[in-house]
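Notes follow the structure.
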Amino acid sequence: MKKLLTAAAVALVSMTCTGMALADASTYFKNRGNDFLDIFRARAGFPEHGRGYGAKLRVTSLAQVGYVDFDGSYAGLERRGVGVVDEKRREAGVSVLYGSYNEMVPTAGNQYLRASTNWSLLEDRRIIRNLPHWDDGRRRPLSIGGELALPIGAIDLGIYPEEVADFVVGIVTLDMFNDDAEQDVDIPNQLATTAAKPKDDAPFADRRAKNEALKAALAAKMLEEAGQSGETAESPVAPAVDAGGARTQVVPAEPPPPTDKEKADAITAEQADRTMKALEGIEGAKEMLERTAQPNIVEDGEKVR
Numbered sequence: 076m077k078k079l080l081t082a083a084a085v086a087l088v089s090m091t092c093t094g095m096a097l098a099d100a101s102t103y104f105k106n107r108g109n110d111f112l113d114i115f116r117a118r119a120g121f122p123e124h125g126r127g128y129g130a131k132l133r134v135t136s137l138a139q140v141g142y143v144d145f146d147g148s149y150a151g152l153e154r155r156g157v158g159v160v161d162e163k164r165r166e167a168g169v170s171v172l173y174g175s176y177n178e179m180v181p182t183a184g185n186q187y188l189r190a191s192t193n194w195s196l197l198e199d200r201r202i203i204r205n206l207p208h209w210d211d212g213r214r215r216p217l218s219i220g221g222e223l224a225l226p227i228g229a230i231d232l233g234i235y236p237e238e239v240a241d242f243v244v245g246i247v248t249l250d251m252f253n254d255d256a257e258q259d260v261d262i263p264n265q266l267a268t269t270a271a272k273p274k275d276d277a278p279f280a281d282r283r284a285k286n287e288a289l290k291a292a293l294a295a296k297m298l299e300e301a302g303q304s305g306e307t308a309e310s311p312v313a314p315a316v317d318a319g320g321a322r323t324q325v326v327p328a329e330p331p332p333p334t335d336k337e338k339a340d341a342i343t344a345e346q347a348d349r350t351m352k353a354l355e356g357i358e359g360a361k362e363m364l365e366r367t368a369q370p371n372i373v374e375d376g377e378k379v380r
């Protein structure tokens, strides 16, 4: 038995050395450190306006019970993601009949909390979660943990046995969750939601973009109504004059074809404009009904009939 254990230890050390020889040493140790952090969850919550109440306890997805309603900020460690996250979450259920609704926006922390990195786009990590999800949304059905939320504060603790296995096999450079790649470069237009595979969370991301466009359109309209009393006419473009005094017509350069993002933004803006026109139509109908109900109102010296 002793010889067998010795042989196993020698084989493990040999495989580890081989793995380190194949990979850059600093990258190897950084990946092992991140795999170790992935085992744990330790966060402190700070409810906004006392919106924090409930408790849950789980030992895998099969053995869990709880109800949590939280709106505020959580600070701490969620696997390798370390920082502060604004979080609005409601979850409840028993055993496999458990669901959660999450709205999470990172406000400070390391790159693993950002949805705009290649690392996050490579897989749906579920460190930052938006959308309703089955279970707690983390995709770690073997996780063990508990949470207590009160109006004065909250605490959320847990461990992930799956990540223990990933850490162990990672010693010999095996990667269960495809999370060892050093891909920390930001991609433009950082998203506030989980950058998931298109077939998974893409519809929700599109819906969030439309909602943000509608909010921007409503805000722009309010500013326009508050700061402008009338429409401003566009100033005419003066024709160009050559050296001999003759007028020549300036032909504008043909604009480049729109990108996919510009096309999506145009569609979103058009949808927001339609919504605004619908709202204006409702307001107009409401005003007409009010005038019909009050025929004796006098405006500018004339009776409205």
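Each residue of the sequence shown is one higher than the one before, counting from 76 in our numbering.
Just so you know, even glycine gets a beta-carbon here, dropped at the ideal spot from N, CA and C.
Residue i: first and last residue of the uninterrupted alpha helix (DSSP H) it sits in
{"i": "Y235", "result": "No alpha helix (DSSP H) contains Y235, which DSSP labels as neither H nor E."}
{"i": "Y103", "result": "A100 to L112"}
Residue i versus residue j - alpha carbon distance
{"i": "W194", "j": "D254", "result": "7 Å"}
{"i": "R118", "j": "G233", "result": "9 Å"}
{"i": "L137", "j": "V171", "result": "6 Å"}
{"i": "N177", "j": "D110", "result": "25 Å"}
{"i": "T135", "j": "R116", "result": "15 Å"}
{"i": "N185", "j": "G158", "result": "6 Å"}
{"i": "F145", "j": "M179", "result": "11 Å"}
{"i": "G147", "j": "L188", "result": "17 Å"}
{"i": "R155", "j": "D113", "result": "5 Å"}
{"i": "L298", "j": "L289", "result": "14 Å"}
{"i": "S218", "j": "G127", "result": "23 Å"}
{"i": "D348", "j": "T334", "result": "21 Å"}
{"i": "S175", "j": "F104", "result": "35 Å"}
{"i": "T81", "j": "R213", "result": "39 Å"}
{"i": "E222", "j": "I202", "result": "17 Å"}
{"i": "E345", "j": "A291", "result": "13 Å"}
{"i": "P226", "j": "D99", "result": "48 Å"}
{"i": "P311", "j": "W209", "result": "For P311, the predicted model reports a pLDDT of 48, less than 50, meaning its position is unreliable; a value from the coordinates is still stated below. Each residue's alpha carbon lies about 59 Å from the other."}
{"i": "R204", "j": "K78", "result": "49 Å"}
{"i": "P216", "j": "E287", "result": "33 Å"}
{"i": "D211", "j": "E300", "result": "44 Å"}
Beta strand (DSSP E) segment containing residue i, residue limits
{"i": "S191", "result": "Per DSSP, S191 belongs to no beta strand (DSSP E) and is neither H nor E."}
{"i": "I202", "result": "Element bounds for I202: n/a, residue is neither H nor E."}
{"i": "D161", "result": "G156 to V169"}
{"i": "L223", "result": "I219 to L225"}
{"i": "P181", "result": "L172 to G184"}
{"i": "V134", "result": "F115 to V134"}
{"i": "L152", "result": "A138 to E153"}
Residue i burial status per 10 Å Cβ neighbour count (16 or more: buried)
{"i": "A183", "result": "exposed"}
{"i": "S384", "result": "Residue 384 lies beyond the stretch modelled for the chain, which goes from 76 to 380, so this question has no answer here."}
{"i": "A294", "result": "exposed"}
{"i": "D231", "result": "buried"}
{"i": "V169", "result": "exposed"}
{"i": "T192", "result": "buried"}
{"i": "A190", "result": "buried"}
{"i": "K272", "result": "The predicted position of K272 is uncertain, since its pLDDT is 39 and thus under 50; no value can be drawn from it."}
{"i": "P278", "result": "In this prediction, P278 scores a pLDDT of 45, lower than 50, which makes its location untrustworthy; the coordinate-derived value is nonetheless stated afterwards. Exposed, since its Cβ has fewer than 16 Cβ neighbours within 10 Å."}
{"i": "D250", "result": "exposed"}
{"i": "A229", "result": "buried"}
Cβ-heavy atom distance, residue i to the ligand ZN, below 7 Å
{"i": "G108", "result": "For the structure depicted, the ligand ZN is absent and the ligand set is empty, with no information on it obtainable."}
Bridge partner(s) assigned by DSSP for residue i
{"i": "G228", "result": "L225"}
- prompt: Are three or more beta carbon pairs between the region 120 to 135 and the region 191 to 205 nearer than 8 Å?
  reply: Not touching, per the Cβ criterion.
message: Any contact between the region 233 to 242 and the region 136 to 152? By contact I mean 3 or more CB pairs, one from each, below 8 Å.
response: In the pairwise beta carbon analysis, the region 233 to 242 is classified as not touching the region 136 to 152: fewer than three pairs are separated by under 8 Å.
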